[in-house]
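Asker: One structure, as C-alpha cells, below. Some questions next.
2 protein chains.
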Amino acid sequence: MLLSRAKIAATAIRLADAHGLDGLSVRKIAKELGVGPMRLYDYVINRSELLDLMVDAVYAQIAEAGQHTDWRATVLAIVHRTRDAALDHEWFSDLLGGRPHLGPHALAVGESTAAALSRAPGMRNIDDLQRALGALNAFIIGALRREVTERRTARSTGTDEAAWQASLGPYLTRMLKTGRYPTVARLVIDGAHLNAEETFNHNLTTILDGITSHPHP
Amino acid sequence: MLLSRAKIAATAIRLADAHGLDGLSVRKIAKELGVGPMRLYDYVINRSELLDLMVDAVYAQIAEAGQHTDWRATVLAIVHRTRDAALDHEWFSDLLGGRPHLGPHALAVGESTAAALSRAPGMRNIDDLQRALGALNAFIIGALRREVTERRTARSTGTDEAAWQASLGPYLTRMLKTGRYPTVARLVIDGAHLNAEETFNHNLTTILDGITSHPHP
DNA sequence: TCCGTTACCGTACGCTGTATTCCGTGGATA
DNA sequence: TATCCACGGAATACAGCGTACGGTAACGGA
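If you're matching them up, the sequences are chains A and B in order.
Residues 0 to 216 in numbering that gives the first Met the number 0 are what the first sequence spells out, letter by letter.
Residues 0 to 216 in numbering that gives the first Met the number 0 are what the second sequence spells out, letter by letter.
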C-alpha cells in the first residue's frame, strides 16, 4: 500500500464525514489505510497540516464553480458551492475562519471571488475591495457555522416537538417561561418555520447589495 | 479551598487567556485550584459544559452594555463589547458559532439585541427580525473569527517585513509569484495597511444599513 | 563485497478526559 | 467510651491521543 498526500486526505475526509472532527485521529486514519500511525508523518508534518490538506481538498470542489461574465453570478456560484461543501462536510465549517486558507485551491477560490468582486459597481479602489471581501467572507463563515451548528443540535435532539421538549426543552422552556427573554421566546416559538436555504440566500443578497451600494463615504 | 462554578470558570478563563484553548485541560485547572482533577466534576458534567460556563461568563461582561433609547446605538454598543471580549479572550472566538449559546447571560444579550433590532425601521414582522438577527450574528461570528485568526498569524510570524518573509513568505510569495492569483497578490501587497477596527466598523455599518433597508421584497 | 545512506517501522512517552476504587475522618449509636 | 457507618475528597486506572525516537532492512556506489 503506497501512500500519497491525496490518498491520506481522502480517507481522512471520509472518516471526518462519518464521525466528525473529534472522531478523527491520526491513528484511525492509519488503521483505515492499513498502516502504522507514524507512516503518515512521512507525508505530513503535523496533524494540523493534515487538516489543511483536507480543507484544501474541499476547496478543490468549490473551485469547480464555473466562471460567469456577470460578477454577481460568479460570486453567487462560489458561495453556493461553499455552502454545499459545508453541508456535505460539516467539519469544514468547524475549520472555517479558524486558520488562514492558503492552499492552492483555497487561493484559487479567493482569486476568483476577489476578481469577480472587483468588477462590482462601487468598487473604487483596492481598499473598497478589501473591505467588501472581508464583509462577504465574514458572512459566509458565520452563516455556515451557524447553520451547521443548528443542524447538529436539531439532529441530536430530534426535530419533532416531543424530543425537543425532552432534551433542550426542560432548560430552555424554563428559561423562556421566566419572561426575561420575551423577544427570544417569540423568535423560538413563532420563527421556527423559516427555511434555511431561503434565509441564507436572502441575507447573502442583502450583503451583496450593501457592499455594492456605498451610502456612507 | 471550597469551589464553585464561578470560581472554576474564572480560573479556566485565566488559563485559556494565557495558553489558549489547546493549552487548557481539566487537570491544569484543578492543579491551579490546588485540587484533584476529579473535584471539578462535582460542579460540571463535562469538559464541554465547562466551556459553556466560560462562554457565559464572557457574555456576562458583554451584557453590561448599557441600554440606549436608539436601537442602533444599542446594537452598536453590544457588538463593540462583543468584539472587545473576543479580542480580550481569543479562545472565545474559537467557540463563537460552534455551539448554541444558551446560558442566562448569552440569552440576555440575545434578548437585548433582538429587542433593539425589532425597533429598527423596515422590520415588518418576526420573520424579518429572524433574518436580520441571522445576518448580524453571522457577520459578528465571521468577522471576529477572521480578525482573531489574522492577529494570531501576525503574532506568530511577526508583523515586520523580515519575519514575514521568513515564515509565510517562502510559500506564499512563491505562490503569488506564479501569477495565478493576481488579485490576491494585489490585496496582500497593497492592502495590508487597513486598520482592523475601522474595517470592522465600516462593514458593520454596511450590514446594519442593508438590514434596515429592504430593496428586495 | 563492503559500506553509507536512506526509507520504513514499532515502541514508548507524556498527555488527555473521565470511571472507579480507596481511605481517612466525623458523627451517630450501642 | 467503644464501635460502626456514612460520606467526601484523593488516588488510581483506563483507553485513547499526538508524536519523538531508536532500531532495522533495503539499496546504491566504491
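Glycine is no exception: its CB is placed at the ideal position from the N, C-alpha and C atoms.
Since the structure is predicted, the reported quantities are computational estimates derived from the model, not experimental observations.
For a cutoff of 9 Å on Cβ pairs, would you count D208(B) as touching chain A?
Answerer: Chain A, which has a Cβ nearer than 9 Å to the Cβ of D208(B), makes this yes.
Asker: Check the Cβ-Cβ distances between F138(A) and every residue of chain B, and say whether any is below 9 Å.
Answerer: yes
Asker: Ordered along the chain, which non-local residues of its own chain (more than five positions away) have a Cβ less than 6 Å from that of A15(B)?
Answerer: Residues of the same chain with a CB within less than 6 Å of the CB of A15(B), apart from the 5 flanking positions on each side, are L23, W90 in chain order.
Asker: Kindly list the residues whose CB is nearer than 7 Å to the CB of S212(B), restricted to its own chain and excluding five residues on each side of it in sequence; keep chain order.
Answerer: G121
Asker: I want to verify the contact list: residues of chain B whose CB lies under 8 Å from the CB of E110(A), in sequence order.
Answerer: R179, Y180, P181, T182, V183
Asker: May I ask which residues mark the beginning and end of the alpha helix (DSSP H) holding T156(A)?
Answerer: Note, T156(A): alpha helix (DSSP H), 125-156.
Asker: Please state whether DSSP places G209(B) in a helix, a strand or coil.
Answerer: helix
Asker: For chain A, check one thing: does any of its Cβ atoms lie closer than 9 Å to the Cβ of G201(B)?
Answerer: A small correction: the amino acid at residue 201(B) is His; Gly does not occupy that position in the sequence shown. Closer than 9 Å: yes.
Asker: My guess is that G133(A) and N202(B) are in contact by the Cβ rule of under 8 Å, so how many angstroms apart are they, rounded?
Answerer: 6 Å
Asker: Given a limit of 8 Å on CB to CB distance, which residues of the segment 119-133 of chain B reach chain A?
Answerer: I125, D126, L128, Q129, R130, L132, G133
Asker: Got a sec? Which residues, its chain only, sit under 6 Å from D55(B) by beta carbon, not counting five neighbours each side?
Answerer: G102, H104, A105
Asker: How would you list, in chain order, the residues of chain A whose beta-carbon sits under 8 Å from the beta-carbon of T222(B)?
Answerer: This structure gives no information on residue 222(B), because the portion of chain B shown stretches from 0 to 216.
Asker: Are the beta-carbon atoms belonging to G97(B) and D208(A) less than 9 Å from one another?
Answerer: no
Asker: DSSP on Q60(A), reduced to helix/strand/coil?
Answerer: helix
Asker: Can you confirm whether P169(A), when its beta carbon is compared against all beta carbons of chain B, has any partner nearer than 9 Å?
Answerer: Not one beta carbon of chain B lies nearer than 9 Å to the beta carbon of P169(A).
Asker: If we count Cβ pairs, one from each stretch, closer than 8 Å, do we get three or more for the segment 70-79 of chain A versus the segment 111-128 of chain A?
Answerer: yes
Asker: List the residues of chain B that L186(A) touches, going by C-beta distances under 8 Å, in chain order.
Answerer: A113, I125, L128, Q129, L132
Asker: Given L128(B), which residues of its chain have a CB within under 7 Å of its CB, disregarding the five upstream and five downstream residues?
Answerer: The answer, listed in chain order, is A113, L116, S117, M122.
Asker: Let me see if you follow: with CB-CB separation under 9 Å, is D51(B) close to chain A or not?
Answerer: no
Asker: Determine the chain B residues that contact G141(A) at a beta-carbon separation under 7 Å, and present them in chain order.
Answerer: G96, N136, A137, F138, I139, I140, G141
Asker: Verify whether the separation of the beta carbon atoms of V43(A) and L32(A) is less than 9 Å.
Answerer: no
Asker: Grab me the residues of F199(A)'s own chain with a C-beta within less than 8 Å of its C-beta, minus the 5 sequence neighbours each way, in chain order.
Answerer: Hits under 8 Å: R82, A142, E146.
Asker: Out of H100(A), A85(A), I188(A), L186(A), which has the shortest C-alpha to C-alpha gap to P196(A)?
Answerer: According to the sequence displayed, residue 196(A) carries Glu and not Pro. E196(A) has its Cα closest to that of A85(A), out of H100(A), A85(A), I188(A), L186(A).
Asker: Roughly how far, in whole angstroms, is the beta-carbon of I28(A) from the beta-carbon of A11(A), given that I think they are within contact range, below 8 Å?
Answerer: 5 Å
Asker: Helix, strand or coil: how does DSSP classify H67(B) here?
Answerer: coil
Asker: Where does the unbroken alpha helix (DSSP H) through G109(A) begin, and where does it stop?
Answerer: 103-117
Asker: Are the C-beta atoms of D93(A) and some chain B residue less than 9 Å apart?
Answerer: Chain B, which has a Cβ nearer than 9 Å to the Cβ of D93(A), makes this yes.
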